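Peer 1: Below you'll find the structure I mean.
Residue numbers (the working numbering): 313 to 637.
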């Protein structure tokens, strides 16, 4: 078989779309994905995570029309489990995750894949815009990375501060083997799973490519997981960053990235304070006061940072050295 035929038959990119109760938005998402201006073979894997509304009626209609759409059904287990199911069934050299209430540019796959192949990149990240459902308006994200390619270590350091390089799963394309070769998956049962998983992927990448083209639209809607400001969301966000800080310490990474981690910590606290404020404004306070809740969160973060004291760091560094010797 000649190379051209092999390339035509091989799946270049797998796009995983987890679906759970998004009947108002899924048609817009899938419509954007089937209209891709891409010259290679790609597949769309819809993971039905036990949806209870009419989302799958819409998805079935698309699947019957387009033979590159596959539907996999599972009992409701959450976003992480749905992404893992998509990963396990993907055939593409590269993989991307698109949330079912978001939508993408017609050049989303082609721009990302071209950059990946051209630069032998393990990860590609694009710029995104925030789309607001109520006003039907989009605003491009202001803080963004530059065009170009950088080494995985440098990209990882930028990711830690979570400013120009964000930890979102959805505005990126990954070499699929990055997950399988390094035994990386999304933590089932955890919210803010991107915070836990994306740094691990960046830590294993050799090259990361960036484009400032706006290719992904992130939808803000009041009934989304991140739109709910209950105490559970506050605790879940805090837990995700505590897990990340433990990972950094255990792998001897904290010391070399301590300045960026200081920026990350400040950003985390500001975000938590904002979440707690929305919680009280919505009448879902924790039974105390806004100030006391903020103080509790701050003390928890400080306690975690004590684990990253010089003595702890020396032990982590020794552990890292023993692994390399």
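C-beta: ideal position from N, C-alpha, C; glycine also. Owing to the predicted nature of the structure, the values given are computational and were not obtained by experimental measurement.
#1: Going by DSSP, what residues sit across from residue 528 in a beta bridge?
#2: Quick one: Cα of residue 399 to Cα of residue 328, how far?
#3: In chain order, which beta strand (DSSP E) runs of at least 3 residues are fully inside the stretch 471-507?
#4: So within the stretch 543-570, which uninterrupted beta strand (DSSP E) runs reach at least 3 residues, ignoring any that extend past its ends?
#5: Taking 8 Å as the threshold (C-beta atoms), are residue 420 and residue 527 in contact?
#6: I need the straight-line Cα distance from residue 333 to residue 358, nearest angstrom please.
#7: Can the beta-carbon of residue 585 be found closer than 8 Å to that of residue 606?
#8: Residue 580 to residue 480, Cα distance in whole Å?
#9: Mind checking who residue 386 pairs with in its DSSP beta bridge?
#10: When DSSP labels each residue in this structure, what does residue 538 get in the three-state scheme?
#11: How would you write the range of the alpha helix (DSSP H) that residue 398 sits in, first residue to last?
#12: Just tell me which of 576, 493 and 347 has its CA closest to the CA of residue 550.
#13: Alpha carbon to alpha carbon, what distance is there between residue 430 and residue 544?
#14: Please return the same chain residues whose Cβ sits closer than 7 Å to the Cβ of residue 415, not counting the five positions on each side in sequence.
#15: Measure the C-alpha to C-alpha separation of residue 412 and residue 563 and round it to an integer number of angstroms.
#16: Starting from residue 371 and walking both ways along the alpha helix (DSSP H), at which residues does that stretch end?
#17: Tell me which residues share the same chain as residue 350 and place their Cβ nearer than 6 Å to its Cβ, disregarding the 5 neighbours each side in the sequence.
#18: With residue 344 as the anchor, note down where its alpha helix (DSSP H) starts and where it stops.
#19: If you run the structure through DSSP and keep just helix, strand and coil, what is residue 579?
#20: Residues in its own chain within less than 6 Å of residue 408 by CB, not counting five upstream and five downstream?
#21: Are the beta-carbon atoms belonging to residue 464 and residue 522 less than 8 Å from one another?
#22: Flag this pair as touching only if the stretch 359-374 and the stretch 385-392 have three or more C-beta atom pairs under 8 Å; answer yes or no.
Peer 2: On the basis of the data shown:
#1: Position 216 of the chain shown, counted from the first residue, corresponds to residue 528. Answer is 416 and 440, bridged to residue 528.
#2: As a working note, residue 399 is residue 87 in the chain shown. As a working note, residue 328 is residue 16 in the chain shown. Cα to Cα, residue 399 sits roughly 8 Å from residue 328.
#3: 484-487
#4: none
#5: The count along the chain shown starts at 1 and reaches residue 527 at position 215. The count along the chain shown starts at 1 and reaches residue 420 at position 108. Cβ atoms of residue 527 and residue 420: closer than 8 Å.
#6: Position 21 of the chain shown holds residue 333. Position 46 of the chain shown holds residue 358. In a straight line, the C-alpha of residue 333 is about 13 Å away from that of residue 358.
#7: Indexing the chain shown from 1 puts residue 585 at position 273. Indexing the chain shown from 1 puts residue 606 at position 294. It is a contact, given that the beta carbons lie within the stated cut-off.
#8: As a working note, residue 580 is residue 268 in the chain shown. As a working note, residue 480 is residue 168 in the chain shown. Computed Cα separation, rounded: 15 Å.
#9: By one-based count along the chain shown, residue 386 stands at place 74. Beta-bridge pairing links residue 386 to 361.
#10: Indexing the chain shown from 1 puts residue 538 at position 226. Unreliable placement is indicated for residue 538, whose pLDDT of 49 sits below 50; the coordinate value is still reported in the next sentence. If DSSP states are grouped into helix, strand and coil, residue 538 belongs with coil.
#11: The sequence position of residue 398 within the chain shown is 86, counting from 1. Unbroken alpha helix (DSSP H) run through residue 398: 391-401.
#12: Counting from one through the chain shown, the residue named residue 550 turns up at place 238. Residue 576 is the option with its Cα nearest to residue 550.
#13: What you label residue 544 is simply residue 232 of the chain shown in a count that begins at 1. What you label residue 430 is simply residue 118 of the chain shown in a count that begins at 1. Cα to Cα, the separation comes out at about 43 Å.
#14: In the chain shown, residue 415 corresponds to position 103, counting from 1. The residues are 340, 341, 344 and 529.
#15: On the chain shown, residue 412 is found 100 positions in, with the first residue counted as 1. On the chain shown, residue 563 is found 251 positions in, with the first residue counted as 1. The straight-line gap from Cα to Cα measures roughly 34 Å.
#16: Counting from 1 along the chain shown, the entry for residue 371 is found at position 59. Counting along the chain, the alpha helix (DSSP H) containing residue 371 begins and ends at 367-377.
#17: Position 38 of the chain shown holds residue 350. Correct list, in chain order: 421 and 422.
#18: The residue given as residue 344 occupies position 32 in the chain shown. Residue 344 -> alpha helix (DSSP H) spans 338-346.
#19: In the chain shown, the residue the question calls residue 579 occupies position 267. Helix at residue 579.
#20: Here residue 408 refers to the residue found at position 96 of the chain shown. Excluding residues within five positions, the ones whose Cβ falls inside 6 Å are 327 and 485.
#21: Here residue 464 refers to the residue found at position 152 of the chain shown. Here residue 522 refers to the residue found at position 210 of the chain shown. Against a cut-off of 8 Å, the Cβ pair of residue 522 and residue 464 comes out as no contact.
#22: yes
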